[in-house]
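Numbering (the numbering used here), first residue to last: 76 to 378. In this text, a Cβ means the ideal position worked out from N, Cα and C, and glycines have one as well. Everything numeric in this text was worked out from a predicted model, so none of it was measured. Below: one structure, written as structure tokens.
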């Protein structure tokens with residue numbers, strides 16, 4: 076298989092999920108690709124009229140038939156389907172696809188500490204290893220690590236900031252630096268990988284809109300709302316213990332605390348500051364540096 080100057084025909088799996096809903100609009104906005112959305116036969120999800128939608132049973136043979144003639148496959152599946160990506164990869168190889176992007180776009184999968192904190196991330200590492208094993212087939216791959224979704228997590232409270240009530244939950248002293256990415260930049264990073272196939276082949280790349288800390292976010296929120304916020308201080312070890320307890324009892328909201336720990340927990344080895352502990356690929360992907368105050372301003376405006 077020869078690597079094209081730019082991939083043209085692209086299949087997106089998981090387009091109706093949280094990540095897929097971010098990626099699909101950017102693919103369409105770029106006007107650079109012929110996009111096919113793949114869904115299960117039972118799916119009732121709807122998509123824009125200019126998207127080709129194919130329903131399939133997700134068997135390897137059916138997938139290979141859909142993938143034939145396609146240049147790249149983007150997987151945006153959720154945690155329940157991480158391991159299922161092996162079938163996607165095998166079908167892509169059978170169909171002669173050139174590039175596979177596994178479902179990443181989150182915490183640093185290559186950190187042993189991150190995977191120990193969030194065991195559902197372990198299959199993501201297994202998929203990366205599987206892709207490396209299959210490089211001799213001609214299928215190339217690109218993994219993208221983005222850290223937490225900053226504007227998304229600020230807007231819906233996932234990151235611990237309650238905009239409506241001007242309340243914040245701050246871990247420890249709130250000064251652990253972590254890299255994070257806004258939704259638009261997540262989609263743009265995926266698009267850029269497809270437009271830079273040679274530079275991004277067989278690599279795990281780190282991208283970020285900016286690197287910040289909880290205290291800096293709180294300061295920006297207070298300045299731009301003109302109000303002093305109510306702050307609850309918690310400790311990393313207590314949040315991890317609580318998260319694990321909830322998960323062990325079958326309450327998977329506990330997983331949220333563990334995911335937050337992979338961003339700003341006071342734990343050696345999480346490697347969440349991509350500027351210092353990894354190597355940012357923003358330059359390769361032509362992603363501009365973001366601004367915290369602008370991000371906060373945009374989130375507040377949406378509220």
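Check whether residue i and residue j have beta carbons under 8 Å apart
i, j, result
"residue 81", "residue 269", "yes"
"residue 151", "residue 98", "yes"
"residue 179", "residue 219", "yes"
"residue 306", "residue 239", "no"
"residue 113", "residue 129", "yes"
"residue 185", "residue 300", "no"
"residue 110", "residue 94", "no"
"residue 229", "residue 291", "no"
"residue 254", "residue 371", "no"
"residue 256", "residue 350", "no"
"residue 221", "residue 282", "yes"
"residue 284", "residue 206", "no"
"residue 166", "residue 196", "no"
"residue 233", "residue 199", "no"
"residue 223", "residue 203", "no"
Backbone secondary structure at residue i - three-state DSSP
i, result
"residue 143", "coil"
"residue 237", "strand"
"residue 112", "strand"
"residue 77", "In this prediction, residue 77 has a pLDDT of 37, which is less than 50 and means its spatial position is unreliable; what the coordinates show is noted afterwards. In this structure, residue 77 counts as coil in the three-state DSSP scheme."
"residue 195", "helix"
"residue 221", "coil"
"residue 216", "strand"
"residue 184", "coil"
"residue 132", "coil"
"residue 290", "helix"
"residue 230", "helix"
"residue 307", "strand"
"residue 127", "strand"
"residue 84", "strand"
"residue 301", "coil"
"residue 316", "helix"
Cβ neighbours of residue i in the same chain (closer than 8 Å, five flanking residues each side left out)
i, result
"residue 159", "133, 152"
"residue 162", "133, 134, 135, 138"
"residue 92", "151, 152, 153"
"residue 215", "78, 173, 174, 175, 272, 276, 277"
"residue 245", "235, 289, 290, 293, 306, 307, 308, 309"
"residue 115", "130, 131, 132, 133"
Residues of its chain near residue i, where Cβ-Cβ distance is below 6 Å and the 5 sequence neighbours each way are ignored
i, result
"residue 227", "258"
"residue 182", "189, 337"
"residue 169", "139"
"residue 329", "318, 321, 322"
"residue 192", "333, 336, 337"
"residue 90", "99, 112"
Cβ neighbours of residue i in the same chain (closer than 7 Å, five flanking residues each side left out)
i, result
"residue 271", "359, 360"
"residue 316", "none"
"residue 251", "288, 339, 341"
"residue 346", "183, 186, 352, 353"
"residue 302", "241"
"residue 83", "108, 109, 146"
"residue 262", "97, 98, 100, 101"
"residue 125", "103"
"residue 298", "none"
"residue 119", "none"
"residue 311", "246, 247, 336, 340, 341, 342"
Cβ distance (whole Å) where residue i is taken to contact residue j below 8 Å
i, j, result
"residue 139", "residue 174", "No, residue 139 and residue 174 are not in contact; Cβ-Cβ is about 16 Å, not under 8 Å."
"residue 276", "residue 362", "That pair is no contact at about 18 Å."
"residue 280", "residue 356", "4 Å"
"residue 209", "residue 149", "With a Cβ gap of about 17 Å, residue 209 and residue 149 do not count as contacting."
Neighbour flag for residue i against chain D, beta carbons, 8 Å
i, result
"residue 153", "You won't find chain D in this structure, because it holds only one protein chain."
Restricting to runs no shorter than 4 residues, where is the alpha helix (DSSP H) found entirely within the stretch 240 to 287?
258 to 270, 272 to 275
Taking only runs of the alpha helix (DSSP H) that begin and end inside the stretch 319 to 368, which ones reach a length of at least 4 residues, in chain order?
329 to 339, 349 to 352, 357 to 360
If we require 3 or more residues per run, which beta strand (DSSP E) segments fall completely within the stretch 146 to 175?
147 to 150
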